[in-house]
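Presented below is the structure to which this report refers.
In the working numbering, the protein residues as written are 17 to 111.
Below you can see the structure in the form of structure tokens.
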């Protein structure tokens with residue numbers, strides 16, 4: 017019997033999402049972007065990216081955690097624009 021590592025990781029990630037868990041970012045994720053943002057609430061993250069004008073300057077944590085090409089040239093066009101997340105917006109943090 018051959019161990020199917022990628023399939024095992026995907027099943028574990030699905031379990032994490034269903035059980036409100038998360039995958040540490042030192043692990044190699046197999047998550048789609050949609051499932052990544054289901055696992056990690058991106059409301060506050062996107063708020064900070066807009067506030068500090070990081071969009072288009074620094075790649076999103078999703079693309080930074082993806083295996084493979086991690087250069088500015090490797091970013092999809094969608095990364096250059098603010099992302100509308102399915103998660104609810106987070107109120108602005110108190111100063």
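For glycine and all other residues, C-beta sits at the position ideal for the given N, C-alpha and C. This one's a predicted model, so the numbers in the text were calculated from it and none came from an experiment.
Collapsed DSSP secondary structure at residue i in the structure displayed
i: residue 22; result: helix
i: residue 77; result: helix
Option in the options with minimal Cα separation from residue i
i: residue 26; options: 46, 17 and 58; result: 46
i: residue 77; options: 49, 35, 20 and 30; result: 49
Same chain, Cβ closer than 7 Å to residue i, five either side skipped, listed in chain order
i: residue 24; result: none
Own chain partners of residue i with C-beta closer than 6 Å, once the 5 adjacent residues on each side are dropped
i: residue 54; result: 33
Taking only runs that begin and end inside the region 36 to 81, name each unbroken alpha helix (DSSP H) of 4 or more residues, in chain order.
Listed in chain order, the alpha helix (DSSP H) runs fully inside the region 36 to 81 are 49 to 55, 59 to 67 and 77 to 81, counting runs of at least 4 residues.
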